[in-house]
RNA sequence: GGCGGCAUAGCCAAGUGGCUAAGGCAGCGGUCUGCAAAACCGUUAUUCACCGGUUCGAAUCCGGUUGCCGCCUCCA
C-alpha cells in the first residue's frame with residue numbers, strides 16, 4: 084500500500100511518489116533564531132520528526148533538511164538592544180533551540196544549514212532573477228516583481244488581484260507593485276552587511292530557503308514543509324524565487340502543520356499567551372507533550388491548556404503502566420521459545436493475532452495522511468488488551484504467554500520508536516513524573532515516605548483507622564497510595 | 001473586503017458513501033481489595049451545528065443558514 088497525504092499545493096490528498104525510488108528529500112523551514120522556542124515550534128518539530136521517522140520506518144532513505152534563519156530584522160533589533168553582534172544572538176538561540184529539541188527527543192535533521200553561510204548562493208540566485216527580468220534594483224535594494232511570475236499565488240490559492248483588493252499593503256515608493264518583496268536590502272546603519280553587486284546589504288526573508296533547499300536537495304525535491312502560516316507569503320515567495328530562476332517545480336508536495344491555540348485563539352506574542360517549551364517540560368514529561376500533539380491530526384488547530392496536557396499525562400501513565408506490567412512479567416524469565424507461536428490456542432492465540440496485526444494497522448493509519456491520532460488509538464487498545472490478558476484469573480506466565488507478552492511489548496516499542504514514545508523505562512518514567520509533580524505542588528517527598536512507613540506499622544497491626552487516616556490526609560494533597568504485595572508505592576494524581 | 005478551514009458524547013478526538021460512529025480524559029455501576037489505588041468488565045452520541053437536496057443508502061457528496069477560527073503584516 085502506498086502513502087497518501089494532503090498536498091497543500093493541490094488542496095487534496097495524493098499518493099506519494101518519490102522522485103527517486105526509495106528516496107525522499109524533505110525541506111522544512113526552521114526558526115528565525117531570535118527567541119526561545121514555544122509550543123508552536125514544538126508541534127511543528129514533533130510533526131515533521133514523526134513524518135521523517137515514519138518515512139524511514141517505511142524504508143525510505145530520507146534526507147531531512149531544516150534551516151536556521153540567522154539574519155533578520157528581529158535578530159538585528161535584539162542585538163542592537165543588547166549591544167552585541169547578531170552572531171551572539173543567533174548562536175545563543177540556536178543552542179537554546181537545539182537543547183529544547185533534544186529534550187523533546189526530536190531527532191536532529193540530517194542537514195541544518197544557516198542563512199549566513201549561504202550569502203553567496205543568495206547573491207547568485209538574485210542575479211539570475213534580475214537577468215531573467217523577474218527582479219529589479221532600486222537604490223541598493225532588490226525587489227522581486229511578482230507580476231512577472233505567472234504562477235504567483237498558486238500555493239496559497241489567491242490571485243494577485245484579490246490580494247491587491249485586500250488593500251492592507253504597505254505603500255512603498257520603491258516598489259513597482261505593492262506586493263513585490265525584497266530579495267536584498269541595502270544596509271542601513273547599525274546593521275550587518277555583505278558586499279554585493281548592488282552595494283552593501285543583507286538578504287531579505289525567503290531567499291535563504293530557496294538557496295538552501297536547492298543546495299542540499301536540488302532544483303526539484305519531494306516535500307517542503309512548515310507551519311501553515313508560512314504558506315503565505317513565505318512559501319509562495321520561495322516558489323516565485325526558485326521556480327522563477329530554474330524554470331522547474333520547486334517541490335512536488337507541500338505539508339503544513341496546524342497551529343497551537345490557547346483558549347481557541349492563536350498563540351502569539353501580542354496576545355501574551357505564548358508558552359515556552361522549557362517551561363512546559365518543567366511540569367510534564369516530554370512524551371506527554373508528544374502524546375498531546377500526536378493525539379490530534381497534524382493539520383487541525385490544537386487547543387493548548389493545562390487540562391489537555393494533564394489528560395495527555397493520564398494517557399501516558401496508562402501506557403507506562405501497561406508496559407511496566409509486561410516488562411515485570413518478562414524480567415527474570417529465561418525468555419520464551421518462538422516455537423510457542425505454533426502451539427498457541429484459544430485466548431492466547433486471539434491476543435497474539437491481535438498484537439501481530441498492530442504494526443499493520445499502524446502503517447495503515449500512518450499511510451493515510453499521517454493519522455497519528457488513529458495510531459495512538461490502536462496503541463491504547465493494545466494496552467487494554469494486554470492488561471486484560473495478563474490480569475485474567477487463570478493467567479499463568481507460561482512459555483506461550485510470555486511469547487505473547489513479548490510480542491506485544493515489541494510491537495508497542497516498535498511503533499513507539501516511530502512516534503517518539505515509550506523511550507523511558509517505566510519505573511524511571513513514574514519516578515520522574517512523581518518528582519516533577521511533587522516539586523510542582525511543593526510537596527516534601529521525605530515527609531510523604533515517613534507517613535507511608537507510619538501507615539505500614541498501623542496496617543501491620545491492623546489499625547485500619549490510623550492507616551486510612553494517613554491515606555486520606557495524603558489523598559487530600561493529591562497523593563495516591565497503592566498497596567500491592569506488601570509494598571506501598573505512591574503516585575501523584 | 002478577498003481567500004481558506006472547522007462544527008462528532010460532559011471535555012479532547014478519529015472516522016469523509018454502506019458492517020455495532022475508534023481511542024483518551026472525566027462520571028456512574030460492578031469485579032478485585034481490610035478499605036483504596038491500578039487494572040479489567042459494563043455504562044455514557046438511535047446520532048454527527050441547523051435547513052433542504054442527490055442516493056437504495058450520508059456524519060461522510062451538493063446548495064443554503066448559523067457559529068467559531070486562520071491567512072491576506074512578523075509568525076511554527
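Numbering (the working numbering), first residue to last: 84 to 576.
Glycine included, every Cβ here is placed at the ideal spot set by N, Cα and C.
Straight-line Cα distance separating residue j from residue i
i: residue 195; j: residue 143; result: 20 Å
i: residue 223; j: residue 265; result: 11 Å
i: residue 354; j: residue 531; result: 40 Å
i: residue 204; j: residue 315; result: 23 Å
i: residue 571; j: residue 535; result: 8 Å
i: residue 521; j: residue 88; result: 42 Å
i: residue 366; j: residue 519; result: 6 Å
i: residue 453; j: residue 214; result: 42 Å
i: residue 217; j: residue 445; result: 47 Å
i: residue 525; j: residue 549; result: 25 Å
i: residue 339; j: residue 157; result: 24 Å
i: residue 104; j: residue 475; result: 48 Å
Residue interval of the beta strand (DSSP E) (run including residue i)
i: residue 226; result: 224-227
i: residue 144; result: 144-149
i: residue 305; result: 304-310
i: residue 344; result: 343-345
i: residue 48; result: Given that the chain is displayed from residue 84 to residue 576, the structure contains no residue 48 and the question cannot be resolved.
i: residue 134; result: No beta strand (DSSP E) holds residue 134; the alpha helix (DSSP H) holding it covers 122-140.
i: residue 111; result: 106-111
i: residue 98; result: 95-98
Three-state class that DSSP yields for residue i in the structure shown
i: residue 567; result: strand
i: residue 87; result: strand
i: residue 221; result: strand
i: residue 348; result: strand
i: residue 118; result: coil
i: residue 385; result: strand
i: residue 169; result: helix
i: residue 373; result: helix
i: residue 277; result: strand
i: residue 245; result: helix
i: residue 183; result: helix
i: residue 574; result: strand
i: residue 466; result: helix
i: residue 451; result: strand
i: residue 430; result: helix
i: residue 161; result: helix
Top-ranked residue by Cα proximity to residue i, from the options
i: residue 97; options: 337, 131, 570; result: 337
i: residue 152; options: 324, 131, 113; result: 113
i: residue 193; options: 366, 148, 213; result: 148
i: residue 280; options: 209, 363, 544; result: 209
i: residue 512; options: 482, 199, 460, 574; result: 574
i: residue 229; options: 374, 327, 191, 115; result: 327
i: residue 311; options: 478, 126, 184; result: 126
i: residue 458; options: 211, 491, 499; result: 499
i: residue 85; options: 129, 523, 138; result: 138
Terminal residues of the alpha helix (DSSP H) in which residue i lies
i: residue 266; result: That residue, residue 266, is in no alpha helix (DSSP H); its beta strand (DSSP E) goes 264-269.
i: residue 403; result: 389-413
i: residue 513; result: 509-524
i: residue 286; result: Looking at the DSSP string, residue 286 is not in any alpha helix (DSSP H); the run it does join, the beta strand (DSSP E), is 284-286.
i: residue 486; result: 482-502
i: residue 324; result: 319-329
i: residue 258; result: It is not in any alpha helix (DSSP H) - residue 258 carries neither H nor E in the DSSP assignment.
i: residue 214; result: 202-214
i: residue 550; result: 547-558
i: residue 301; result: Element bounds for residue 301: n/a, residue is neither H nor E.
Close-in-space but distant-in-sequence residues of the same chain around residue i (CB under 6 Å, 5 per side omitted)
i: residue 136; result: 501
i: residue 408; result: 473
i: residue 356; result: 345, 350
i: residue 395; result: 371, 374, 375
i: residue 101; result: 107, 305
i: residue 303; result: 331, 332
i: residue 494; result: 438, 441, 442
Residues near residue i in its chain [Cβ-Cβ closer than 7 Å; skip 5 each side]
i: residue 379; result: 385, 456
i: residue 405; result: 466, 469, 470
i: residue 131; result: 111, 308
i: residue 451; result: 87
i: residue 426; result: 483
i: residue 180; result: 114, 116, 120
i: residue 287; result: 264, 265, 266, 267, 268
Same chain, Cβ closer than 8 Å to residue i, neighbours up to 5 away in sequence not counted
i: residue 285; result: 154, 267, 268, 270, 274, 275, 276, 277
i: residue 238; result: 91, 92, 314, 315, 318, 319, 322, 337
i: residue 257; result: 221, 222, 224, 226
i: residue 249; result: In this prediction, residue 249 has a pLDDT of 49, which is less than 50 and means its spatial position is unreliable; what the coordinates show is noted afterwards. Taken in chain order, the list of residues that qualify is empty.
Residue i: CB within 6 Å of a non-hydrogen atom of the ligand GDP
i: residue 492; result: Of ligands this structure carries none, so the ligand GDP is not represented either.
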